[in-house]
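Comments concern the structure below.
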Amino acid sequence: MSASPAISLHRLSYVWPDGSPGLRDVSGTFPTGRTGLTGRNGSGKSTLLRVISGALTPSSGTISVGGEVAALPQLLTLHRETTVASLLGIDRPLAGLRAIEAGDVDPRHFDAVGDDWDIEARAAVALDRIGFSALDLDRSVATVSGGEAMLIAITGLRLRRAPITLLDEPTNNLDRVARARLGEFIDDWPGTLLVVSHDVELLERMEHTAELHDGALTVFGGPFSAWRAHQEAEQAAAEQAAKAAQQALKVEKRQRIEAETKLARRERAGRQTQLGGGIPKILAGRRASSAQVAAGSLRTTLDGQVRAAQAAVDEADARVRTDERISIDLPDPAVPRGRRLIEFTGAEREIVVQGPERVALVGANGTGKSSLLDRLVGSRGGAASAGPTAEAAPGGALAQLPHATGRLLTDRFGYLPQRLDGLDDAASAVENVRSVAPGTAPGEVRNGLARLLLRGSSADRPVGTLSGGERFRVSLARLLLAEPPAQLLILDEPTNNLDLASVAQLTDALNAYRGAILVVSHDLAFLAGIGIETVIEIGSDGALRARGGLPE
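Residues in the sequence shown are numbered consecutively from 7, following this note's numbering.
The following block contains the structure:
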């Protein structure tokens with residue numbers, strides 16, 4: 007007897023407040039164990055997880071879950087004042103415990119602690135496993151890296167041990183060591199796990215693979231590679247069936263035309279015979295009437311065959327995927343090869359980024375890569391604005407770490423921060439782009455967003471309601487529409503939240519871009535794909551070291 011599913015969905019729909027659909031009539035089940043949920047950006051994966059977790063109330067349909075549901079939000083790094091204790095999910099019992107230890111015997115503190123009298127000790131053990139200590143419980147998200155925040159939050163979910171756990175893009179910002187730790191967590195996760203991810207290595211650790219595509223949910227028994235092989239075989243068969251159906255339709259249409267030609271010849275021959283007086287008029291009339299009935303019957307039969315062939319084509323075509331891909335066309339900034347754009351010190355020698363050079367900034371989580379970029383572009387208070395900015399005059403932006411300093415030597419740069427926190431969540435995608443491109447016509451802004459698959463209601467919805475991938479595309483649009491074009495793109499983890507097709511498209515666009523690129527990424531395949539020429543590594547001591555190749 008098979009086990010009951012962990013999550014069951016029946017005709018589940020969600021409509022955003024502006025009336026645009028987030029989910030439409032989704033039905034299906036997720037089994038117990040580990041399931042990876044994949045699908046293109048904007049297909050509704052994050053929305054589905056938020057509905058399952060209870061963060062959003064479905065507009066219609068029902069959900070059945072086999073126990074308490076705990077969830078990791080996709081955009082947790084945006085909440086910069088959140089503490090490590092809150093990320094771990096122990097802030098309430100910890101506050102109650104500390105109040106009791108300080109002499110406050112209010113019953114509500116005992117209620118908050120419940121049975122978790124050893125919560126601080128258990129948290130200390132869990133934090134030690136990922137390189138933190140109990141002294142870090144009061145630190146805010148703003149003081150840790152994005153990868154560290156992600157790993158802390160996932161550690162907190164393990165401490166909670168809910169029957170069902172939902173993770174949304176858990177490998178975002180994680181370095182190789184942290185990904186290995188996450189892999190260990192995943193392999194022996196307590197309870198059922200549903201993971202939304204575009205990370206192929208993570209998806210390979212799953213027992214099942216699910217896909218949300220065009221509003222339909224399908225579940226396959228096996229990891230991502232087995233599912234992809236199955237899908238590719240299905241698509242090959244579907245494409246062959248579509249070709250055969252098209253050929254059959256052509257045959258039916260040709261036979262219909264040939265039949266019509268024969269009928270026309272017979273009618274002409276009959277009229278000529280009648281006009282020639284070869285047979286009596288009554289007999290000729292009977293023959294003509296009989297011929298018309300036969301012709302009508304033949305036409306009806308042939309038309310039915312053509313309609314049936316057309317229906318077969320439509321059905322076969324529906325099985326062939328035509329997934330849209332984002333279209334990125336980066337402008338040519340015409341950067342002279344000798345133009346100095348960034349100067350870094352804090353290494354054995356001065357490091358200069360100049361001309362259309364491609365540089366990767368690498369290092370373990372927590373070494374300060376994002377902080378260096380934030381301060382390099384002249385951000386204030388730790389918040390960096392997405393998209394082009396002219397606040398930093400040439401030579402006027404200074405970044406300082408314990409051993410690393412840098413100067414930005416151009417005001418024509420575009421910045422895509424890791425946290426994507428420079429957007430106005432209450433404003434629409436169109437309004438966010440126009441705020442950095444006020445001279446660009448609204449129609450041109452909409453066309454640019456449409457190339458990034460943000461159309462219609464998606465372009466007009468508040469950015470705060472968009473998925474991580476959609477939010478990334480709004481930030482990217484702010485770079486694309488800069489005028490004059492940016493001489494330098496500074497990108498912090500640009501492949502976060504992107505599906506595989508979008509990563510490939512971004513790689514192609516950056517390969518065609520003729521300006522300079524400074525990029526932080528733990529995705530070695532992506533870095534190799536965009537032709538990185540120089541690698542600058544930040545060590546644990548904060549010092550910069552330049553070398554020629556990517557890490558192994």
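Idealized CB from N, CA, C, for every residue including glycine.
Beta-bridge partners assigned by DSSP to Ser14: Thr35 and Ser70. Here Thr306 carries a helix assignment [DSSP, helix/strand/coil].
Counting along the chain, Arg40 sits inside the beta strand (DSSP E) bounded by residues Arg40 to Thr44. The C-alpha of Leu55 lies about 42 Å from the C-alpha of Thr416. When DSSP reads this structure, Arg164 sits in no beta bridge, so it has no partner. When beta bridges are read from the DSSP output, Gln360 appears opposite Arg346. The C-beta of Ser376 has 16 or more other C-beta atoms within 10 Å across all chains shown, which makes the residue buried. Leu172: member of the beta strand (DSSP E) spanning Ile170 to Asp174, first to last residue. Put simply, the backbone Cα of Val439 is about 9 Å away from that of Leu485. Val225 is bridged by DSSP to Ala216. In this structure, Arg425 is the residue among Ala77, Ser66, Gly474 and Arg425 with its C-alpha nearest to the C-alpha of Ala148.
Residue state for Glu476 is assigned as helix, using DSSP reduced to three classes. Between the alpha carbons of Leu209 and Phe230 lies a gap of roughly 5 Å. Secondary structure at Thr411: strand, using DSSP grouped into helix, strand and coil.
Residue burial is scored here from C-beta neighbours: Asp117 has fewer than 16 other C-beta atoms within 10 angstroms and is therefore classed as exposed. The beta carbon of Ser65 lies closer than 6 Å to those of Ser19, Tyr20 and Val21 in the same chain, with the five residues before and after it left out. In this chain, the alpha helix (DSSP H) harbouring Leu54 covers Lys51 to Ser59. Setting aside the 5 residues that flank it on each side, Ala129 is surrounded in the same chain by Ala91, Leu94, Ile96, Leu100, Ala140, Leu143 and Leu165, each with a C-beta closer than 8 Å to its C-beta; the list follows chain order. If you ignore the 5 residues before and after Glu476, its C-beta comes within less than 7 Å of the C-beta of Asn47, Gly48, Leu460 and Ser464, all in its own chain and listed in chain order.
As far as DSSP is concerned, Gly197 takes part in no beta bridge. By the CB criterion at 8 Å, Gln360 and Leu378 fall outside the cutoff. Within the segment 475-541, the complete beta strand (DSSP E) runs of at least 3 residues fall at 494-498 and 522-526.
Between Arg467 and Asp24, the beta carbon gap of about 6 Å places them in contact (Cβ cut-off 8 Å).
A direct Cα-to-Cα measurement between Thr446 and Arg345 gives close to 28 Å. Secondary structure at Pro468: strand, using DSSP grouped into helix, strand and coil.
Within a 10 Å sphere around the beta-carbon of Glu74 sit fewer than 16 other beta-carbons, which makes this residue exposed. Fewer than three pairs of CB atoms, one per stretch, sit closer than 8 Å, so the segment 151-163 makes no contact with the segment 108-117. If you ignore the 5 residues before and after Ile160, its C-beta comes within less than 8 Å of the C-beta of Leu78, Leu173, Pro176, Leu188 and Phe191, all in its own chain and listed in chain order. In the three-state reduction of the DSSP assignment, Thr267 falls in the helix class, which pools H, G and I.
When the alpha-carbon of Pro11 is set against those of Ser473, Gly102, Gly197 and Ala127, the nearest one is in Gly197.
Fewer than three beta-carbon pairs drawn from the segment 251-268 and the segment 205-222 are found closer than 8 Å, and the two stretches are therefore not classed as touching.
When C-alpha distances from Leu382 are compared across Leu422, Arg364, Ala370 and Phe532, the shortest belongs to Leu422.
In the three-state DSSP reduction, Ser139 falls in the coil class, being neither helix nor strand. Arg17 sits away from Gly50, with the two beta carbons spaced by 8 Å or more. Annotated as proximal: Leu367 and Ile544, with beta-carbon spacing under 8 Å. Per DSSP, the unbroken beta strand (DSSP E) holding Leu422 starts and ends at Phe419 to Leu422.
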